[in-house]
Amino acid sequence: MTSKNETILVVEDDTQIRNFICYALKQEGFPYTTASTAQNALSILVSNQIDLMLLDLGLPDFDGMEVIKKVREWSEMPIIVVSARDQDKEKAAALDSGADDYLTKPFSATELMARIRVALRHLYKIGVTKAQTVLSVGGLSIDLEKRIVSLDGAQLHVTPLEYHLLTLFLKNPGKVLTTQYILKEIYGVGYGTDTQALRALMAGLRRKIEPTPAKPRYILTEIGVGYRLVDE
Amino acid sequence: MAENTRDEQRSYVLTIILFIAAATGICWLFRFLRFPETNIVVVYILSVLLTARFTRGYAYGIAATVIATCMFNYFFTEPYFTLSVNDPTYFVTFGIMTVTSIITSALTTKVKQNALEAREKEAEASALYQLTSHLSDAADISDIAAITVKTISDILNCRAACLCFDENGQPEQSFIQQKNSNEQLRRNVDDKEALLLRMENLRTAYDVGAEFYDWPIYGRETMLGILRIPNEAAEQMSDAQLRLLRSMLESAALAMDSFRSAQERIKSREEIAQERYRSNLLRAISHDLRTPLSGIMGTSEMLMGMTDPKDSRYALAEGIYKDADWLHSLVENILGLTRLQDSRLVLNKQMEAVEEVIGVAVMAIGKRAPEREIMVHIPDTVMLVPMDAKLIDQVLVNLLDNAIKHTPPAGEISITVRENIEEGVAVFTVADRGTGIASVDISHIFQMFYTTHGKEADSQRGVGLGLAICESIIKAHVGTISAKNRKNGGAEFTFTLPLEAENHD
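And the structure:
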C-alpha cells in the first residue's frame with residue numbers, strides 16, 4: 044500500500060457502492076472524503092482541499108450536473124462521473140459541462156483506479172502540454188512544430204482535418220471527447236449536428252493508424268458519447 | 147293506408163249527412179213554429195260550419211255547402227219539394243248562403259289544420275326532447291341504441307332495431323330489437339360484411355332490405371350504427387314521421403359521438419397515468435436493482451482480488467460475482483425489452499460507421515472473455531449505416547455472448563459485414579463453430595423466454611431474453627434477423643439493416 048497525496052471526494056448516495064469505492068481507494072492509499080448529497084458535496088468542496096471528485100449523477104437532492112457546473116466556476120479539478128448504463132445523454136452532457144471522464148455502473152475496482160490515474164496524470168500535465176512540441180501515445184506521435192505525424196517511426200500522411208483531429212486527441216490522452224466537442228473544435232460552431240462527417244473522418248483516420256479499424260488500438264469509440272484516445 | 151282512407155271517407159260522408167239532416171229537422175220545426183226564414187239559413191250555415199269542423203279537407207265543406215243550399219231550396223222555398231224557385235230573389239239568398247258557407251267552412255278547416263300541425267309539431271318536439279333527455283342518462287353506446295330503439299318503436303308503433311358499430315367502424319355481432327313495449331332482445335347479424343358494404347355504398351337516405359329499412363347513423367367522422375325499421379312500418383311512414391325519425395337519428399348520433407369522445411378522453415388520461423406509472427416503475431427497477439447489484443459486483447470482485455485463487459473463499463467470492471453479473475445482465479435485458487416494447491420507442495438513428503459499432507461490441511466481449519479471439523471481416527471502404535448504435539451494439543454483444551456460450555474455447559467465432567446493394571441492406575453475420583442449434587429450436591429461437599432443448603447446464607442458464615431483444619431491436623430498425631446451422635458445424639445468426647434511412651413524411 045503506497046500512500047498518495049491527492050484527496051478524493053466520493054459523492055455517492057448508495058452506501059454499498061460508496062463503501063466499495065472507499066475500500067478500493069484505501070487499498071491504493073488515497074486519502075478520501077465522502078458525501079451522499081450534492082449539498083453536502085458542495086460544502087465539503089468549499090472548505091477542504093480536494094484534488095479529484097467521483098460524482099454519481101443520480102443524487103437525491105439535486106442533479107449531479109449542477110454540481111459540475113458550480114465546481115467549474117472556481118476549480119479545474121478532475122471530475123469523474125459515475126452513472127447508469129442507459130444515461131448516454133446525461134453522460135455526454137456531463138462531459139460537455141466540464142466532467143473529465145465517466146464510469147458506467149457496474150465497474151470494477153481496476154477500472155476505477157485506471158480512470159483515477161488517467162485523470163490525475165492529466166491534472167499534472169496541464170501547463171506542461173503547452174510547452175511540449177511532440178505529443179505521443181504508443182507508436183503514434185505528432186510533432187506540433189514541424190506538423191509531422193508518425194506511426195511506429197514512419198512518417199504518416201494525413202489531411203489537415205485528420206491532423207487537427209489527431210492533435211485534439213493527443214492533447215487529451217485517456218479523456219473522453221464528446222462528439223459535440225470534437226465537431227465544435229474541428230468544424231467550428233454551427234456544424235454541431237453533422238455527426239456523419241465526423242464518422243467518415245474518423246474512419247479515414249483509423250484506416251491510416253489502425254491495422255484493423257474494427258479493433259482499434261488508439262482511438263476507442265464510446266458509443267452514444269464520443270471517442271477516447273487510449274492512454275498507454 | 148288505402149283502407150284507412152276509405153273508412154275516413156265513409157265517416158266524413160256520414161258526418162255531412164248527419165249534420166245536414168239534423169239542420170233540416172230543426173228547420174222543419176222552425177217552419178212549423180213559423181220562425182222567419184233567416185233562422186233557417188243561419189241553421190244551415192251552422193251545419194256547414196260544424197261539418198267542416200268535424201271533417202278534414204275543403205272538399206267536405208264545399209260538398210256540405212252545396213247540399214245545404216239544395217236542401218234549403220228543396221224544403222223551404224216555394225214551390226216546396228222542388229229545386230225550382232218562384233221568387234228570383236232567392237237566388238241572391240242561395241248565392242250569399244253558398245259563399246258564406248264556403249268561407250266559414252274554409253276558415254274552420256284551416257284553423258283545424260293549423261291546430262293539427264301544431265299538435266304534430268308539439269308531439270315531435272316532445273318526443274325529441276324525451277329522447278334527448280333519456281339519452282343523456284345513457285351509460286354506454288348500446289344503452290343509447292336501446293333508448294333510441296324504444297322511442298322510435300313507440301312513435302312508429304313497430305319493432306324497430308339498432309345495430310351499433312365498434313370503435314373501428316365495424317358492425318357488432320348482434321343488434322338490439324324491440325320485442326314488445328317493455329322488452330328488447332338481441333339478434334345476430336347474418337352477414338354483417340355484406341350489410342356494411344351496402345351501407346357504405348349507400349347513395350340514398352336509407353337502404354331497403356328483406357326485413358328492414360336500414361337508416362345509417364352518421365357520426366362526425368364515421369358511421370356509428372344502423373337503425374332498422376321493419377318494412378311494413380317504414381312503408382306507412384308519413385312525411386312528418388320521416389322528419390321526426392331523421393331528427394331522432396341525429397340526436398342518437400350526437401349522443402353516441404359525445405359518448406365516444408368522452409371515452410377517448412378518459413382512455414388517454416388513463417394512458418398518461420399508466421405511462422407515468424410505467425416510467426416510475428422502470429426508474430425504480432433501474433435504481434433499486436442495478437445500484438445494489440453494482441455494489442455486489444464491485445465488492446465481490448474486490449474480495450476475489452484480496453484472496454488467493456487457490457483458497458476456497460476465492461471460489462465463493464467468484465460465485466457471488468458471477469451470479470450478480472448474470473442478474474445484472476438480466477435486469478438490463480428486461481429493462482431493454484420493456485423499453486423496446488413501448489410502441490412509442492424512438493430510435494436514436496444516426497449514420498454510424500459499421501467498424502465502430504463492431505469495435506465496441508468486440509471490445510466489450512473481450513473484457514468478459516479475454517481468452518477469446520473474435521474474427522472480424524468488414525469491407526475496406528467506410529460503411530455508414532443508419533442505426534441506433536447503442537441498440538445495435540446490444541444486438542452484437544448478445545449474439546457474440548451466445549456464440550461464446552455455445553462454442554468450445556478453441557472454436558472460431560466471427561463477425562462479417564457486407565453490403566447487399568440489390569436489396570439495399572447491410573448484412574451482419576455472427577458465426578461460430580459451436581454445438582449449433584437443435585432443429586426443434588430453430589423456429590422458436592427468437593421467442594421470448596424460450597430456452598433451448600439442448601443440455602441445460604447451469605453455466606448456460608438463460609431466460610431466453612437475449613435473442614428476443616435482438617429481434618425486437620432489428621425489427622424496430624425495419625431489418626430482418628434469422629438463425630441457421632452452418633454446413634461444417636456451428637450456428638450462424640444473420641441480421642440486416644436498411645442502408646437508406648427511411649423517409650419521414
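These protein sequences, in sequence, are chains L and Z. Going from the first sequence to the numbering used here is simple: count from 1 and add 43. Going from the second sequence to the numbering used here is simple: count from 1 and add 146. Glycine included, every Cβ here is placed at the ideal spot set by N, Cα and C.
Task: For glutamine 540 of chain Z, three-class secondary structure by DSSP - done: Working through the second sequence from its first residue, we reach residue 540 of chain Z at position 394. Glutamine 540 of chain Z: helix per DSSP, three-state reduction.
Open item on the list: Residues in the same chain with beta-carbon distance under 8 Å from serine 168 of chain Z, minus the five sequence neighbours each way, listed in chain order, please.
Closed with: Translated into the one-based positions of the second sequence, residue 168 of chain Z becomes position 22. For the sequence presented, residue 168 of chain Z should be read as alanine rather than serine. Closer than 8 Å at the Cβ level, and outside the excluded window around alanine 168 of chain Z, lie Ser193.
Open item on the list: Per the DSSP calculation, isoleucine 51 of chain L is bridged to which residue(s)?
Closed with: For the purposes of this step, residue 51 of chain L is identified with residue 8 of the first sequence, where counting begins at 1. BP columns for isoleucine 51 of chain L point to L:Tyr75, L:Leu95.
TODO: Determine the contact status of threonine 294 of chain Z and leucine 395 of chain Z, defining contact as a CB-CB distance below 9 Å.
DONE: Position 148 of the second sequence, counted from the first residue, corresponds to residue 294 of chain Z. Position 249 of the second sequence, counted from the first residue, corresponds to residue 395 of chain Z. A contact, by the Cβ cut-off of 9 Å.
Task: Near-chain L residues of the segment 424-442 of chain Z - C-beta to any C-beta below 9 Å - done: Ser432, His433, Arg436, Thr437, Pro438, Leu439, Ser440, Gly441, Ile442
Task: Neighbour list for glycine 247 of chain L in chain Z, Cβ cutoff strictly below 8 Å - done: Against the first sequence, residue 247 of chain L aligns to sequence position 204. Under the 8 Å cutoff, chain Z gives Val528.
TODO: On a CA-only basis, which of L:Tyr75, L:Gly101, L:Glu71, L:Glu116 is nearest alanine 157 of chain L? Give me that one, please.
DONE: Taking the first sequence and counting its residues from 1, the one referred to as residue 157 of chain L is at position 114. The candidate whose alpha carbon is nearest that of alanine 157 of chain L is L:Glu71.
- [ ] Kindly indicate if chain L contains any beta-carbon less than 9 Å away from that of lysine 601 of chain Z.
- [x] Here residue 601 of chain Z refers to the residue found at position 455 when the second sequence is read from its first residue. Any reading at lysine 601 of chain Z must be qualified, since the residue scores a pLDDT of 49, below 50, and its modelled position is unreliable; the value itself is stated next. Chain L, which has no Cβ nearer than 9 Å to the Cβ of lysine 601 of chain Z, makes this no.
TODO: Could you tell me the distance, in whole angstroms, from the CA atom of isoleucine 290 of chain Z to the CA atom of methionine 402 of chain Z?
DONE: For this step, residue 290 of chain Z is matched to residue 144 along the second sequence. For this step, residue 402 of chain Z is matched to residue 256 along the second sequence. For isoleucine 290 of chain Z and methionine 402 of chain Z, the distance between alpha carbons rounds to 7 Å.
TODO: State buried or exposed for tyrosine 352 of chain Z, treating a residue as buried only when at least 16 other CB atoms are found within 10 Å of its CB.
DONE: The count along the second sequence starts at 1 and reaches residue 352 of chain Z at position 206. Buried: at least 16 other Cβ atoms inside 10 Å.
Task: Straight-line Cα distance separating valine 177 of chain L from serine 184 of chain L - done: One-based indexing of the first sequence puts residue 184 of chain L at position 141. One-based indexing of the first sequence puts residue 177 of chain L at position 134. Looking at the two C-alpha atoms, the distance is approximately 7 Å.
Task: From Z:Arg564, Z:Gly635, Z:Glu517, Z:Val543, residue whose alpha carbon lies closest to that of alanine 556 of chain Z - done: Start at 1 with the first residue of the second sequence, and residue 556 of chain Z comes out as number 410. Ranking the options by Cα distance to alanine 556 of chain Z, first place goes to Z:Glu517.
Open item on the list: Counting only beta-carbon separations shorter than 9 Å, does lysine 536 of chain Z have a partner in chain L?
Closed with: The residue labelled residue 536 of chain Z in the question sits at position 390 within the second sequence. Interface residue, yes.
TODO: Please report the Cβ distance between glycine 267 of chain L and valine 219 of chain L, rounded to the nearest whole angstrom; I am assuming they are in contact, meaning their Cβ atoms lie under 8 Å.
DONE: On the first sequence, position 224 is the one that residue 267 of chain L refers to. On the first sequence, position 176 is the one that residue 219 of chain L refers to. Rounded, the Cβ-Cβ distance is 11 Å, inconsistent with contact.
Task: methionine 383 of chain Z in three-state terms, based on DSSP - done: As a position in the second sequence, residue 383 of chain Z is number 237, starting the count at 1. If DSSP states are grouped into helix, strand and coil, methionine 383 of chain Z belongs with coil.
Task: Cut-off 7 Å between Cβ atoms - residues of its own chain near asparagine 334 of chain Z, not counting five sequence neighbours on either side - done: Locating residue 334 of chain Z in the second sequence gives position 188, counting from the first residue. Counting only Cβ-Cβ distances below 7 Å, and skipping sequence neighbours, we find Gln319, Ser320.
TODO: Determine the extent of the alpha helix (DSSP H) in which serine 446 of chain Z is found, giving its start and end residues.
DONE: Residue mapping note: residue 446 of chain Z aligns to position 300 of the second sequence, counting from 1. Run containing serine 446 of chain Z: 437-452, per the alpha helix (DSSP H) assignment.
Open item on the list: List, in chain order, every chain Z residue whose beta-carbon is nearer than 8 Å to that of glycine 267 of chain L.
Closed with: As a first step, residue 267 of chain L is located in the first sequence; it is residue number 224 there, counting from the start. The contacting residues are Asn494, Ala535, Lys536.
Task: Euclidean distance between Cα positions of valine 114 of chain L and cysteine 65 of chain L - done: The residue labelled residue 114 of chain L in the question sits at position 71 within the first sequence. The residue labelled residue 65 of chain L in the question sits at position 22 within the first sequence. Approximately 22 Å between the Cα atoms of the pair.
TODO: Spell out a yes or no on whether the segment 492-503 of chain Z and the segment 523-534 of chain Z are touching, meaning 3 or more CB-CB pairs, one atom from each, closer than 8 Å.
DONE: yes
Task: Residue closest to threonine 184 of chain Z, alpha-carbon to alpha-carbon, out of Z:His474, Z:Glu154, Z:Tyr236, Z:Leu164 - done: Indexing the second sequence from 1 puts residue 184 of chain Z at position 38. Checking every option, the nearest Cα to that of threonine 184 of chain Z belongs to Z:Tyr236.
Task: Contact list for aspartate 131 of chain L against chain Z, beta-carbon separation under 7 Å - done: Position 88 of the first sequence, counting from 1, holds the residue named residue 131 of chain L. The contacting residues are Lys536.
TODO: Report yes if the C-beta distance between valine 41 of chain L and leucine 97 of chain L is below 9 Å; otherwise report no.
DONE: With chain L running from 44 to 275 in the structure shown, residue 41 of chain L is simply not present.
Open item on the list: Rounding to the nearest angstrom, what Cα-Cα distance links lysine 258 of chain Z and asparagine 303 of chain Z in this structure?
Closed with: Residue 258 of chain Z sits at position 112 when you count from the first residue of the second sequence. Residue 303 of chain Z sits at position 157 when you count from the first residue of the second sequence. Each residue's alpha carbon lies about 25 Å from the other.
- [ ] Could you have a look at cysteine 65 of chain L and say whether DSSP puts it in helix, strand or coil?
- [x] Within the first sequence, the letter at position 22 stands for residue 65 of chain L. DSSP places cysteine 65 of chain L in helix when its eight states are reduced to three.
Open item on the list: Can you give me the C-alpha to C-alpha distance between phenylalanine 437 of chain Z and aspartate 457 of chain Z, rounded to a whole angstrom?
Closed with: By one-based count along the second sequence, residue 437 of chain Z stands at place 291. By one-based count along the second sequence, residue 457 of chain Z stands at place 311. The sequence given here has threonine at residue 437 of chain Z, not phenylalanine. So the two alpha carbons sit approximately 29 Å from each other.
Task: glutamate 638 of chain Z classed as buried or exposed, judged by whether at least 16 other C-beta atoms fall within 10 angstroms - done: As a working mapping, residue 638 of chain Z is identified with position 492 in the second sequence. With 16 or more Cβ atoms within 10 Å of its Cβ, glutamate 638 of chain Z is classed as buried.
TODO: Could you name the residues of chain L that threonine 562 of chain Z contacts, counting a contact when the two beta carbons are closer than 7 Å?
DONE: As a position in the second sequence, residue 562 of chain Z is number 416, starting the count at 1. Those within 7 Å of threonine 562 of chain Z in chain L number zero; the least Cβ separation is about 11 Å.
Open item on the list: Using a Cβ-Cβ cutoff of less than 7 Å, which residues in the same chain neighbour phenylalanine 73 of chain L once the five nearest sequence positions on both sides are dropped?
Closed with: Counting from one through the first sequence, the residue named residue 73 of chain L turns up at place 30. The residues are Lys47, Glu49, Ile51.
Task: 8 Å CB neighbourhood of leucine 546 of chain Z in its chain, flanking five on each side removed - done: One-based indexing of the second sequence puts residue 546 of chain Z at position 400. Closer than 8 Å at the Cβ level, and outside the excluded window around leucine 546 of chain Z, lie Ala507, Val508, Ile511, Ile520, Ile559, Ile561, Val576.
Task: Where alanine 306 of chain Z falls, given that 16 or more other Cβ within 10 Å makes a residue buried - done: Sequence index remark: in the second sequence, residue 306 of chain Z carries index 160 (1-based). Buried, by the Cβ-count rule.
Open item on the list: Using CA atoms only, rank isn't needed, just tell me which of Z:Val477, Z:Met452, Z:Ser393 is closest to alanine 430 of chain Z.
Closed with: Stepping through the second sequence from its first residue, residue 430 of chain Z is reached at position 284. Ranking the options by Cα distance to alanine 430 of chain Z, first place goes to Z:Val477.
Open item on the list: Taking a contact to mean a Cβ-Cβ separation below 9 Å, would you say leucine 95 of chain L touches isoleucine 159 of chain L in this structure?
Closed with: Residue mapping note: residue 95 of chain L aligns to position 52 of the first sequence, counting from 1. Residue mapping note: residue 159 of chain L aligns to position 116 of the first sequence, counting from 1. A contact, by the Cβ cut-off of 9 Å.
- [ ] Verify the CB distance criterion: does isoleucine 159 of chain L have a CB-CB separation below 9 Å to chain Z?
- [x] In the first sequence, counting from the first residue as 1, residue 159 of chain L sits at position 116. Chain Z contact via Cβ: absent.
Task: Exposure of tyrosine 167 of chain L, with buried meaning 16 or more beta-carbon neighbours within 10 Å - done: Start at 1 with the first residue of the first sequence, and residue 167 of chain L comes out as number 124. It is exposed - the Cβ of tyrosine 167 of chain L has fewer than 16 other Cβ atoms within 10 Å.
TODO: List the whole-angstrom C-beta distance separating alanine 209 of chain Z from tyrosine 190 of chain Z, where the pair is believed to meet the contact cut-off of C-beta under 8 Å.
DONE: Indexing the second sequence from 1 puts residue 209 of chain Z at position 63. Indexing the second sequence from 1 puts residue 190 of chain Z at position 44. Actually they do not touch by this definition, with Cβ atoms about 14 Å apart.
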